[in-house]
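Notes follow the structure.
2 protein chains.
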Amino acid sequence: MHIFITGAAGMIGRKLTERLSEDGALASKPIDKLTLLDVVCPPKPETFTGKVETIAADLAASDETAKAIAGRPDVVFHLAGVVSGEAELDFDKGYRVNLDGTRALLEAIRAVGDDYRPRLVYTSSIAVFGAPFPPAIPDDFHLTPLTSYGTQKAIGEALLADYSRRGFCDGVGIRLPTIVVRPGKPNKAASGFFSGIIREPLAGEDAVLPVAETVVHTHASPRAAVGFLVHAAALPRDALTPRINLSMPGVCCTVAEQIASLRRIAGDRVAARIRRAEDPLVARIVAGWPRNFDPARAKSLGFRADADFSAIIRAYLEDDFKG
Amino acid sequence: MHIFITGAAGMIGRKLTERLSEDGALASKPIDKLTLLDVVCPPKPETFTGKVETIAADLAASDETAKAIAGRPDVVFHLAGVVSGEAELDFDKGYRVNLDGTRALLEAIRAVGDDYRPRLVYTSSIAVFGAPFPPAIPDDFHLTPLTSYGTQKAIGEALLADYSRRGFCDGVGIRLPTIVVRPGKPNKAASGFFSGIIREPLAGEDAVLPVAETVVHTHASPRAAVGFLVHAAALPRDALTPRINLSMPGVCCTVAEQIASLRRIAGDRVAARIRRAEDPLVARIVAGWPRNFDPARAKSLGFRADADFSAIIRAYLEDDFKG
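Sequence lines, in order, name chains W and U. With my numbering as the guide, the letters of the first sequence map in order to residues 42 to 364. With my numbering as the guide, the letters of the second sequence map in order to residues 42 to 364.
As structure tokens, this is what we get:
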């Protein structure tokens with residue numbers, strides 16, 4: 042099996058590459074080749090024994106995508122994209138990468154013809170939804186994004202569904218909840234504090250909580266997100282059609298519950314490193330985000346969330362914590 | 042007021058042009074200029090006393106759109122598009138006209154800058170919805186089109202919402218029900234019989250009904266559709282945001298009720314010209330279409346459907362019947 046990953050140098054891309062290398066197989070079929078693409082050259086997985094090709098290219102602005110697709114990968118993980126904040130700040134770049142890039146990938150697949158129909162796993166986002174919301178967003182809730190990023194992801198979902206319906210590819214779109222705990226340095230994303238209030242205290246550093254502890258949100262660990270991707274790649278085609286874009290399950294909890302989990306796992310002294318300093322701008326942005334989902338279809342298709350927020354913290358400690 | 046209409050040579054485009062010419066004003070402001078664009082040169086309205094510019098151009102493939110927009114029209118009616126059947130048969134053309142054409146129009150508006158923010162009325166379609174459906178499709182039902190046309194319309198809605206949110210334009214998307222009675226010759230559209238079973242018998246000709254009389258569908262007359270467009274153009278901006286794409290109200294009825302209306306208006310002899318000959322292909326296509334809506338938002342914003350199916354037939358007799 043030949044697997045192609047776009048956005049392979051990103052956090053999820055690297056973890057997915059590692060997972061596939063360790064498994065050595067997908068859906069019980071051995072993996073013999075990985076093609077890894079990103080704007081910066083993706084690292085080669087150390088443990089993988091098959092063939093690896095790495096490509097540094099912009100999805101929308103080069104013919105490298107078409108070349109990679111001409112190698113007829115069996116599964117394509119399309120993770121590449123400009124993130125939410127950047128897509129909002131740079132309108133043209135967001136549309137070029139997230140919309141034109143996705144369309145270029147789909148067109149490259151269609152251009153192969155000759156009954157080539159790869160499984161295409163597309164990472165969408167809960168940013169396709171915009172307030173106001175019902176208490177739990179059902180699977181048939183409309184997409185009314187309140188960001189350009191969410192709009193581009195919603196358009197990607199629509200294209201994926203149409204290209205799949207027409208038989209050009211075999212798509213699955215998965216809407217990821219907010220990923221925590223993200224390893225690495227704090228970033229400027231409005232959602233960054235969700236990782237920060239766990240990661241920084243565990244590293245012996247102070248963290249700022251800019252919203253009220255009553256804020257409710259839905260999360261998945263990077264490990265669970267990679268699990269969703271691998272599960273999506275292995276789903277039988279007829280389990281999905283015609284509605285191929287799915288909200289993923291996650292852990293829905295308050296910030297207070299997240300802090301309580303941290304306290305249980307790491308103690309009072311660590312939890313005390315969280316400083317409350319409400320930021321009205323961040324609070325307003327977060328108020329527009331989805332809180333809770335009823336992802337009945339994804340659950341019935343076997344997608345599994347982390348057990349609870351403590352499991353999310355433990356996944357971070359096992360997979361990423363260096364302390 | 043300067044008004045720009047794309048797709049001005051189409052059936053709805055011509056009727057909208059006539060209506061605006063007769064009214065001489067929109068939202069109580071006098072209309073002094075009409076710019077009319079289509080792939081074939083649109084006819085000049087005879088009754089209009091202001092300035093008229095007609096343009097024969099392809100929205101996606103020329104810079105005529107940008108030139109028309111540089112004239113800073115106050116209101117843009119974007120009706121141009123490849124219809125459902127053609128978009129399904131010619132994948133590239135559908136995306137080029139319906140997606141790239143719409144994007145080119147939005148980009149032309151954005152390029153003006155300088156606080157230019159026209160009202161942009163976008164004709165979407167109930168084809169953005171795909172089966173299975175609830176008994177009445179609510180305003181917050183997800184868009185899961187089952188045609189490339191429906192996909193392109195759904196993407197147009199998403200772009201319109203984002204360009205409006207960013208302040209580049211002031212959009213309203215209206216999802217039109219199936220328009221009946223269409224004047225003119227029978228066409229090959231799967232929905233063509235809905236007009237045919239009224240129009241042909243009234244003209245003394247036989248018509249074929251290819252589906253069961255129990256089929257339920259939602260309709261608007263061309264006159265009501267033009268009314269929706271004009272109403273959308275005059276809506277106050279803050280009545281709409283942030284959810285600017287609206288399902289229009291229509292007349293929901295069975296085919297049997299439509300035939301009963303025809304019989305009441307034109308008599309038994311006319312209604313007897315409908316011949317039942319079920320076509321399994323058409324029946325299957327129609328089974329995938331939306332049947333009924335609960336367009337609460339559009340109703341609360343003052344959009345008004347025809348009173349009943351008899352009113353739809355009478356509108357045809359008054360506006361288009363030559364017999």
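Cβ coordinates follow ideal geometry from the N, Cα and C atoms, glycine included.
**Message:** Just list the residues that DSSP pairs I220 (chain W) with in beta bridges.
**Reply:** The count along the first sequence starts at 1 and reaches residue 220 (chain W) at position 179. In DSSP, I220 (chain W) forms a bridge with W:A261.
**Asked** chain W beta carbons: is any one of them nearer than 8 Å to that of S189 (chain U)?
**Response** In the second sequence, residue 189 (chain U) corresponds to position 148, counting from 1. True, the Cβ-Cβ gap to chain W drops below 8 Å.
**Request:** Could you check the C-alpha separation between P224 (chain U) and S262 (chain U) for me, to the nearest Å?
**Result:** Locating residue 224 (chain U) in the second sequence gives position 183, where the first residue counts as 1. Locating residue 262 (chain U) in the second sequence gives position 221, where the first residue counts as 1. The alpha-carbon atoms of P224 (chain U) and S262 (chain U) are separated by roughly 11 Å.
**Asked** So which of U:G291, U:D279 and U:I167 has the shortest CA-CA distance to A352 (chain U)?
**Response** For this step, residue 352 (chain U) is matched to residue 311 along the second sequence. Taking only the C-alpha atoms, the option nearest A352 (chain U) is U:G291.
**Asked** Ordered along the chain, which non-local residues of its own chain (more than five positions away) have a Cβ less than 7 Å from that of D279 (chain U)?
**Response** On the second sequence, position 238 is the one that residue 279 (chain U) refers to. No residues qualify anywhere along the chain.
**Neighbour flag for R118 (chain W) against chain U, beta carbons, 8 Å** = Looking up residue 118 (chain W) in the first sequence gives position 77. One detail in the question is off: residue 118 (chain W) reads as Phe in this sequence, not Arg. Output row for F118 (chain W): interface = no.
**Message:** Below 8 Å on C-beta distance, what does I96 (chain W) contact in chain U?
**Reply:** Along the first sequence, read from residue 1 onward, the residue named residue 96 (chain W) stands at position 55. Under the 8 Å cutoff, chain U gives no residues; its nearest Cβ is about 26 Å from I96 (chain W).
**Request:** Decide if the region 152–159 of chain U is in contact with the region 110–117 of chain U; the criterion is three or more beta carbon pairs, one per stretch, under 8 Å apart.
**Result:** yes
**Item:** Selection from W:L120, W:S125 and W:E246 that minimises the alpha carbon distance to M52 (chain W)
**Value:** Start at 1 with the first residue of the first sequence, and residue 52 (chain W) comes out as number 11. Per the Cα distances, W:L120.
**Request:** May I have the straight-line CA-CA distance separating I215 (chain U) from Y163 (chain U), to the nearest angstrom?
**Result:** Here residue 215 (chain U) refers to the residue found at position 174 when the second sequence is read from its first residue. Here residue 163 (chain U) refers to the residue found at position 122 when the second sequence is read from its first residue. Computed Cα separation, rounded: 6 Å.
**Asked** From the beta carbon of D347 (chain U), is the nearest beta carbon of chain W less than 8 Å away?
**Response** Translated into the one-based positions of the second sequence, residue 347 (chain U) becomes position 306. For D347 (chain U), the answer is no, since every Cβ of chain W falls outside 8 Å of its Cβ.
**Prompt:** Is it true that the CB of S205 (chain U) sits closer than 8 Å to the CB of T219 (chain U)?
**Reply:** Here the question's residue 219 (chain U) lines up with position 178 in the second sequence. Here the question's residue 205 (chain U) lines up with position 164 in the second sequence. Going by C-beta atoms, T219 (chain U) is not nearer than 8 Å to S205 (chain U).
**Per DSSP, the bridge partner or partners of D211 (chain W)** = Sequence index remark: in the first sequence, residue 211 (chain W) carries index 170 (1-based). Paired residues: W:R160.
**Prompt:** Taking the alpha-carbon positions, what's the L24 (chain W) to A307 (chain W) distance?
**Reply:** Look at the range of chain W in this structure, 42 to 364, and you will see that residue 24 (chain W) is not part of it.
**Asked** If you draw a straight line from the C-alpha of K226 (chain U) to the C-alpha of F209 (chain W), how long is it?
**Response** Position 185 of the second sequence, counting from 1, holds the residue named residue 226 (chain U). Position 168 of the first sequence, counting from 1, holds the residue named residue 209 (chain W). Taking the straight line from one Cα to the other gives about 35 Å.
**Request:** For A195 (chain U), go through chain W and note every residue whose CB falls closer than 8 Å to its CB, in chain order.
**Result:** As a working mapping, residue 195 (chain U) is identified with position 154 in the second sequence. Here the neighbours are A199.
**Message:** Looking at chain W, is there any beta carbon in it that lies within less than 8 Å of the beta carbon of R208 (chain U)?
**Reply:** Against the second sequence, residue 208 (chain U) aligns to sequence position 167. The amino acid occupying residue 208 (chain U) in the given sequence is Gly; Arg does not appear at that position. No, G208 (chain U) lies away from the interface with chain W (no Cβ there is under 8 Å from its Cβ).
**Request:** Report the residue from W:S62, W:A274, W:V80 and W:E198 whose alpha carbon sits nearest the alpha carbon of I72 (chain W).
**Result:** Here residue 72 (chain W) refers to the residue found at position 31 when the first sequence is read from its first residue. The shortest Cα separation from I72 (chain W) among W:S62, W:A274, W:V80 and W:E198 belongs to W:S62.
**Request:** Leaving aside the five residues before and after P186 (chain W) along the sequence, list all residues of the same chain whose C-beta is less than 8 Å from its C-beta, in chain order.
**Result:** Position 145 of the first sequence holds residue 186 (chain W). Once the five neighbours on either side are set aside, the close Cβ partners of P186 (chain W) are A168, V169, F170, G171, T192, K194 and A195.
**Item:** Member of W:A339, W:F362, W:S302 and W:R317 whose CA lies at the smallest distance from the CA of S349 (chain W)
**Value:** As a position in the first sequence, residue 349 (chain W) is number 308, starting the count at 1. Here residue 349 (chain W) is Asp; the residue named in the question, Ser, does not match the sequence. Minimum Cα distance to D349 (chain W) is reached at W:S302.
**Item:** Sheet register partners of I44 (chain U) (DSSP bridge)
**Value:** For the purposes of this step, residue 44 (chain U) is identified with residue 3 of the second sequence, where counting begins at 1. U:L75 and U:V116.
**Message:** Residues of chain U with CB closer than 8 Å to the CB of L184 (chain W), please, in chain order.
**Reply:** Locating residue 184 (chain W) in the first sequence gives position 143, where the first residue counts as 1. Correct list: H183, L184 and A199.
**Asked** Is the beta carbon of V221 (chain U) sitting closer than 8 Å to the one on V256 (chain U)?
**Response** In the second sequence, the residue the question calls residue 221 (chain U) occupies position 180. In the second sequence, the residue the question calls residue 256 (chain U) occupies position 215. Going by C-beta atoms, V221 (chain U) is not nearer than 8 Å to V256 (chain U).
**Prompt:** If we ignore side chains and look at the alpha-carbon of each, how far apart do P83 (chain U) and G245 (chain U) end up?
**Reply:** Translated into positions along the second sequence, residue 83 (chain U) becomes position 42. Translated into positions along the second sequence, residue 245 (chain U) becomes position 204. P83 (chain U) and G245 (chain U): Cα-Cα distance of roughly 31 Å.
**Prompt:** T88 (chain W): buried (16+ other C-beta within 10 angstroms of its C-beta) or exposed?
**Reply:** The sequence position of residue 88 (chain W) within the first sequence is 47, counting from 1. Per the 10 Å Cβ criterion, exposed.
**Prompt:** For F182 (chain U), which three-state DSSP category applies?
**Reply:** Looking up residue 182 (chain U) in the second sequence gives position 141. Correct three-state label for F182 (chain U): strand.
**Message:** Mapping the DSSP letters down to three states, classify R317 (chain U) as helix, strand or coil.
**Reply:** Along the second sequence, one-based indexing puts residue 317 (chain U) at 276. Strand, per DSSP.
**Helix, strand or coil at S103 (chain W) [DSSP, three-state]** = Locating residue 103 (chain W) in the first sequence gives position 62, where the first residue counts as 1. S103 (chain W) falls in the coil class under three-state DSSP.
**Item:** Through-space distance from D104 (chain W) to A346 (chain W), alpha-carbon basis
**Value:** Here residue 346 (chain W) is taken as the residue at index 305 of the first sequence, counted from 1. Here residue 104 (chain W) is taken as the residue at index 63 of the first sequence, counted from 1. Their backbone Cα atoms lie some 37 Å apart in a straight line.
**Prompt:** Got a sec, what are the start and stop residues for the beta strand (DSSP E) T95 (chain U) sits in?
**Reply:** By one-based count along the second sequence, residue 95 (chain U) stands at place 54. Start and end: K92 to A97.
**Request:** Just the chain U side, please: which residues come within less than 8 Å of G171 (chain W) by C-beta, in chain order?
**Result:** Within the first sequence, numbered from 1, the residue matching residue 171 (chain W) stands at position 130. By Cβ distance, chain U contributes P283.
**Request:** Answer with buried or exposed for G142 (chain U), where buried requires no fewer than 16 other C-beta atoms within 10 angstroms of its C-beta.
**Result:** As a first step, residue 142 (chain U) is located in the second sequence; it is residue number 101 there, counting from the start. Under this definition G142 (chain U) is a buried residue.
**Asked** Smallest Cα separation from L67 (chain U): which of U:E359, U:R160 and U:D361?
**Response** By 1-based counting over the second sequence, the position of residue 67 (chain U) is 26. Nearest of U:E359, U:R160 and U:D361 to L67 (chain U), Cα basis: U:R160.
**Prompt:** How would you list, in chain order, the residues of chain W whose beta-carbon sits under 8 Å from the beta-carbon of A202 (chain U)?
**Reply:** The residue given as residue 202 (chain U) occupies position 161 in the second sequence. What A202 (chain U) touches in chain W: T185, P186 and T192.
**Request:** Please decide whether F334 (chain U) counts as near chain W, where near means a Cβ-Cβ distance under 8 Å.
**Result:** On the second sequence, position 293 is the one that residue 334 (chain U) refers to. For F334 (chain U), the answer is no, since every Cβ of chain W falls outside 8 Å of its Cβ.
**Request:** Please classify S69 (chain U): does DSSP put it in a helix, a strand, or coil?
**Result:** Within the second sequence, the letter at position 28 stands for residue 69 (chain U). In the structure shown, S69 (chain U) sits in coil (DSSP, three-state: anything other than H, G, I, E or B).
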